[in-house]
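These notes are about the structure you will find just below.
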Amino acid sequence: MACRPAYHYGHCESFFVESQDNGIFASHGRVREQAELVARERQFALADELTRLARAQYEEDIMEHMEDMEAVTLPDVCSIDIQQEIQWFMRPYLLDFLIEAHVAFQLLPETLFLAINLLDRYCSKRVVYKRHYQLVGCASLLIAAKYGDKKERVPSIKDLKSMCCSLYEEDMFIQMEWHVLQTVNWIIGHPTVDSFLQPAFHAFSYDVELKHMTMYICEIALFHRDFVSTRPSVLARSAFAVARNLLGRARIERTTWAVAEDDAVYHQLFAEIRRPSPILSRKYASAQYSSVSAIMDEVLLRRAAIANRRYYTPPIPEPEVSRSDGQGSYVSKDHVVQTPQKGHYPSITAGLVTPPITPDNDNFHLDASRDIPPQCPLTPSPTGTRHGEQQYENPQMQRNFLHPHYQPSPQLDSHEMQVDYGSVMQY
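Under the working numbering, the first residue of the sequence shown carries the number 1135, and numbering increases by one thereafter.
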């Protein structure tokens, strides 16, 4: 048997290897990549133009149909109130679980709102046991994902069973899914909050931070009973207005549908956003959602500090109280020996100034159990037995001191004046 001759190829260093000098293949690759980017941008621009034309032509009909459907698919909160086993305090725990599952499977935002709507509608019409509450939530999430999400992202029953820690069997998910669909009469097309937000986002310049903040506020509203029976259109407009307020965007006149918010829902949302779920806050703290939860916390803390500063009342200093130090002096709060003072003395037309007065009654009776010494030495008494016998070197000084307004008659002598003074003092 003849052997096939072996072919020996010489070594080639340039085959499938690009030289660093010319860079021909790299330049062709950059040109090709640039052409693909330009073609993709043209497709996006064409899609936006077609969407704009369709919206301008059918927007009124679409909005009218959405408003009709939201009235049909709205849950009844009063029917949920009469549930025997499930209570409203259980709702945040189930919603935290569904939000974590929604993030884990990377589902669309409208899938979460539709799943919560199916859950509330089922609880409005059926008696739900506590042990089946999580099962109903998983079945609602599965139906919502099949309705509006991509097929490759729809969670499998095995994944849901694993997330529930094998609490339910696989056939239980299938049975509950069918039971939920029968209960809602196979009406799944509920217009969610994000579908009503699209006209608001298109009416103004695109703002990704504003969009994420609005979605964060809408998801906070899912946790509270007061918003279960609120129409998604009203909730969307009010959340959009609250988000613009928090981010400092200019307020717009209420001339279009997008900014005609409800005042009651607007103020109620402001009251509830102060207590978000930790799971939800951590979700929107990532850079993927513009860290809007951190922005909201910062804005609310800054506004609270401004409000506290506005209504701050400065402390009133305590009045300084004079007390005795036990040695005949009065000591203030600063332990400085001082003499109690009063205002200026009144003007005196004639006569001598009286000695300094004693302390005020309030200060004098501060400590009745202690003997407070006199403020100043007592005025010495005259040496004579009677005031009338006191001698004065100058008779005119005697008259002015005793009777400042007394004018002596020219016919009276000093002896008569002395007698008159004695009679007055005896009286």
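A virtual CB, placed ideally from N, CA and C, is assigned to each residue, including glycine. Source: prediction; values computed, not measured.
If you draw a straight line from the C-alpha of residue 1402 to the C-alpha of residue 1364, how long is it? Residue 1402 and residue 1364 have their C-alpha atoms spaced approximately 12 Å apart.
Spatially closest choice to residue 1424 from 1349, 1220 and 1359, by CA coordinates: 1349
By a C-beta neighbour count over all protein chains shown, 10 Å radius and 16 as the cutoff for buried, is residue 1198 buried or exposed? exposed
Can you list, in chain order, the residues of its chain whose CB lies under 7 Å from that of residue 1298, leaving out five sequence neighbours each side? 1268 and 1272
Grab me the residues of residue 1230's own chain with a C-beta within less than 7 Å of its C-beta, minus the 5 sequence neighbours each way, in chain order. Leaving aside the five residues that flank residue 1230 on each side, the residues in its chain whose CB is nearer than 7 Å to its CB run, in chain order, 1411 and 1413.
Contacts around residue 1434, its chain only, beta-carbon distance under 7 Å, and the 5 residues preceding and following it disregarded: 1408
With 16 as the cutoff for other CB atoms within 10 Å, does residue 1337 come out buried or exposed? With fewer than 16 Cβ atoms within 10 Å of its Cβ, residue 1337 is classed as exposed.
Give every residue of the same chain whose Cβ lies closer than 8 Å to the Cβ of residue 1321, excluding the five residues on either side of it in the sequence, and list them in chain order. 1206 and 1207
Nearest-angstrom Cα separation, counted from residue 1415 out to residue 1256: 27 Å
Determine contact between the stretch 1208 to 1222 and the stretch 1248 to 1266, defined as no fewer than three beta-carbon pairs at a distance below 8 Å. yes
Roughly how many angstroms lie between the CA atoms of residue 1270 and residue 1361, to the nearest whole one? Residue 1270 and residue 1361: Cα-Cα distance of roughly 20 Å.
Note the first and the last residue of the continuous alpha helix (DSSP H) segment covering residue 1368. 1366 to 1380
With residue 1201 and residue 1367 assumed to form a contact (beta carbons below 8 Å), what rounded beta-carbon distance in angstroms separates them? 6 Å between Cβ atoms; contact.
In the DSSP assignment, find the unbroken alpha helix (DSSP H) run with residue 1318 in it and report its ends. Careful: residue 1318 lies outside any alpha helix (DSSP H) and carries neither H nor E.
At least three beta-carbon pairs within less than 8 Å, the stretch 1295 to 1309 to the stretch 1240 to 1255: no
Whole-angstrom distance between residue 1325 and residue 1374, CA atom to CA atom: In a straight line, the C-alpha of residue 1374 is about 17 Å away from that of residue 1325.
Ordered along the chain, which non-local residues of its own chain (more than five positions away) have a Cβ less than 6 Å from that of residue 1520? Since pLDDT at residue 1520 reaches only 49, below the 50 mark, its modelled position is unreliable, and the value read off the structure follows with that caveat. Excluding sequence neighbours, residue 1520 sits near nothing in its chain.
Is residue 1370 near residue 1315, with beta carbons less than 7 Å apart? No, Cβ-Cβ distance for residue 1370 and residue 1315 is not below 7 Å.
Report buried or exposed for residue 1233, applying the criterion of at least 16 other Cβ atoms within 10 angstroms of its Cβ. buried
Tell me which same chain residues have a C-beta within less than 6 Å of the C-beta of residue 1562, skipping the five on either side of it? Here the chain covers residues 1135 to 1561 and nothing more, so residue 1562 does not appear.
Specify, as a first and last residue, the run of the alpha helix (DSSP H) that residue 1248 falls within. 1243 to 1259
Selected residue, minimal CA-CA separation from residue 1292, among 1276, 1281 and 1283: 1276
According to DSSP, is residue 1444 part of a helix, a strand, or is it coil? Secondary structure of residue 1444 (DSSP, three-state): helix.
Please report the straight-line C-alpha distance between residue 1296 and residue 1306, rounded to a whole angstrom. Looking at the two C-alpha atoms, the distance is approximately 13 Å.
Leaving out five residues on either side along the sequence, give the residues of the same chain with a beta carbon under 7 Å from the beta carbon of residue 1241. 1279, 1283 and 1287
Out of curiosity, what's the CA-to-CA distance linking residue 1418 and residue 1355? 15 Å
Report the rounded CA-to-CA distance for residue 1223 versus residue 1308, giving the unit in angstroms. In a straight line, the C-alpha of residue 1223 is about 27 Å away from that of residue 1308.
Residue 1372: buried (16+ other C-beta within 10 angstroms of its C-beta) or exposed? buried
Coarse secondary structure for residue 1185, derived from DSSP in three states: helix
Grouping DSSP H, G and I as helix and E and B as strand, with all else coil, what is residue 1272? helix
Given residue 1335, which residues of its chain have a CB within under 7 Å of its CB, disregarding the five upstream and five downstream residues? 1345
Go ahead and label residue 1171 buried or exposed: buried means 16 or more other beta carbons lie within 10 angstroms of its beta carbon, across all protein chains shown. exposed
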